[in-house]
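Novice: Just dropping this structure here.
Chains as they are written, first to last, in our numbering: chain A, 2 to 81; chain B, 5 to 237.
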């Protein structure tokens, strides 16, 4: 089973890297960009075929390591 | 006093910390490997040194904060034992939940490596009793992720309980954005746990213990540890 975990900064948390990327896009002449927030994507392969068990495993992985829930949100998708 | 310096893959300030403890306390610390599950019996002080544990992968300090030895460090702190985390050690302390908040990328996106003045916010803790309250010291900073943030409630609590250990300032002790090297909230350079037995700080006092290398303002922190006693609540 395959899954994708997306970790993003919570609203209101300053993201200096996102700001720098936003500035770089503007300097490249790419118009129409209001703001950029940078996050992380984890593509994970799981043993077993039970979707509920996989979701529980991924939630534990996010809470314990992949996300720092003080500043980050995470989203889990089973992709195949 | 008995000190243990935890070494993670990628730690690189353990040697400096050991020299500073030796110089400040007169006692020889022991190194403890991150995969160990116990601290040496009778340990009074645990130090998490600076460096780039696990190459700063995922988030600085994230993987080290979940290493085997950290359960023993948490138990040691819960017993009132002293814990000092410097630079990457501070990042490990916040990632492990021993201190609140997060250390974000510096607001200017640059790794800063320079001398920096700090204001000692209180001199009645196990880490600062050889300083005076309000004293301005000059030590080194070297980090890319030292921008301390926490939610409003946590910051309010830290300030109300007097748990800010050091603030970035100028040579006269004035704080303000001009002297803040990384965007850290309220110019915070280091914080204590609620029991004042855990200190995390971004600057490197261990580098300033010998006049040969630019100053001795960091030595008093290690001399303070000799008393070894947590602050009475």
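Backbone N, C-alpha and C fix where the C-beta goes; we use that ideal spot for every residue, glycine too. As the structure is a computational prediction, the values presented were derived from the model and not from experiment.
Look at the alpha carbon of residue 93/B and the alpha carbon of residue 78/A, and state the distance between them as a whole number of angstroms.
Specialist: 34 Å
Novice: Kindly say whether residue 111/B, judged by its beta-carbon, lies nearer than 8 Å to any beta-carbon of chain A.
Specialist: yes
Novice: Which residues in chain A have a C-beta closer than 8 Å to the C-beta of residue 108/B? List them in chain order.
Specialist: Going along chain A in sequence order, the residues near residue 108/B (Cβ under 8 Å) are 14, 15, 17 and 72.
Novice: Could you give the first and the last residue of the continuous alpha helix (DSSP H) run that contains residue 92/B?
Specialist: 92 to 99
Novice: What ranges does the beta strand (DSSP E) occupy inside the region 43 to 123 of chain B, keeping only unbroken runs of at least 3 residues that lie completely in it?
Specialist: 49 to 52, 86 to 90 and 106 to 108
Novice: Would you please state the rounded distance, in angstroms, between the beta carbons of residue 122/B and residue 193/B? I believe it to be under 8 Å.
Specialist: Yes, they are in contact, since the Cβ atoms of residue 122/B and residue 193/B sit about 5 Å apart, within 8 Å.
Novice: What residues in the region 14 to 48 of chain A bring their beta carbon closer than 9 Å to a beta carbon of chain B?
Specialist: 14, 15, 16, 17, 18, 20, 21 and 41
Novice: Taking 8 Å as the threshold (beta carbon to beta carbon), is residue 59/A in contact with chain B?
Specialist: no
Novice: Measuring only the C-alpha atoms, how far is residue 89/B from residue 30/A?
Specialist: 44 Å
Novice: Can you name the residues of chain A whose CB is closer than 8 Å to the CB of residue 99/B?
Specialist: 69
Novice: Whose Cβ in chain A lies nearer than 8 Å to the Cβ of residue 66/B?
Specialist: 66 and 69
Novice: Expressed to the nearest angstrom, what Euclidean distance is found between the alpha-carbon atoms of residue 67/B and residue 34/A?
Specialist: 34 Å
Novice: In whole angstroms, what is the alpha-carbon distance linking residue 113/B and residue 148/B?
Specialist: 7 Å
Novice: So, does the region 29 to 41 of chain B touch the region 63 to 79 of chain A, judging by three or more C-beta pairs under 8 Å?
Specialist: Result no; under three Cβ-Cβ pairs closer than 8 Å.
Novice: Within 10 Å of its beta-carbon, does residue 65/B have 16 or more other beta-carbons around it, so buried, or fewer, so exposed?
Specialist: Residue 65/B comes out buried.
Novice: If you draw a straight line from the alpha carbon of residue 33/B to that of residue 108/B, how long is it in whole angstroms?
Specialist: Rounded to the nearest angstrom, the two C-alpha atoms are 31 Å apart.
Novice: Taking the alpha-carbon positions, what's the residue 26/A to residue 19/A distance?
Specialist: 11 Å
Novice: Flag this pair as yes or no: are the beta carbons of residue 186/B and residue 143/B separated by less than 8 Å?
Specialist: no
Novice: For chain A, check one thing: does any of its Cβ atoms lie closer than 8 Å to the Cβ of residue 63/B?
Specialist: yes
Novice: Quick one: which unbroken beta strand (DSSP E) runs of 3-plus residues sit fully inside the region 179 to 226 of chain B? Chain order, please.
Specialist: 192 to 196 and 202 to 205
Novice: What would DSSP say about residue 18/B, mapped onto helix, strand or coil?
Specialist: helix
Novice: Quick one: residues in its chain with C-beta nearer than 8 Å to the C-beta of residue 217/B, no 5 flanking neighbours on either side, listed in chain order?
Specialist: Excluding sequence neighbours, residue 217/B sits near 211.
Novice: Measure the C-alpha to C-alpha separation of residue 202/B and residue 17/A and round it to an integer number of angstroms.
Specialist: 29 Å
Novice: How is residue 6/B classed by DSSP in three states: helix, strand or coil?
Specialist: coil
Novice: Output, in sequence order along the chain, the residues in the region 67 to 80 of chain B whose CB is closer than 7 Å to any CB in chain A.
Specialist: 70
Novice: Determine, using beta-carbon pairs with one atom in the region 223 to 231 of chain B and one in the region 125 to 134 of chain B, whether at least three such pairs fall under 8 Å.
Specialist: Yes, since at least three Cβ pairs between the region 223 to 231 of chain B and the region 125 to 134 of chain B fall closer than 8 Å, the two stretches touch.
Novice: Quick one: using the 10 Å Cβ neighbour count with 16 as the cut-off for buried, is residue 163/B buried or exposed?
Specialist: exposed
Novice: Within 8 Å of any Cβ in chain A, is that where the Cβ of residue 157/B sits?
Specialist: Closer than 8 Å: no.
Novice: Count the C-beta pairs between the region 47 to 61 of chain B and the region 8 to 20 of chain B that are closer than 8 Å, then say yes if the count reaches three, no if not.
Specialist: yes
Novice: Between residue 95/B and the rest of its own chain, which residues show a CB-CB distance below 7 Å, the 5 nearest in sequence each way excluded?
Specialist: 64, 65, 107 and 149
Novice: Determine the extent of the beta strand (DSSP E) in which residue 80/A is found, giving its start and end residues.
Specialist: Note, residue 80/A: premise wrong, no beta strand (DSSP E); not H, not E.
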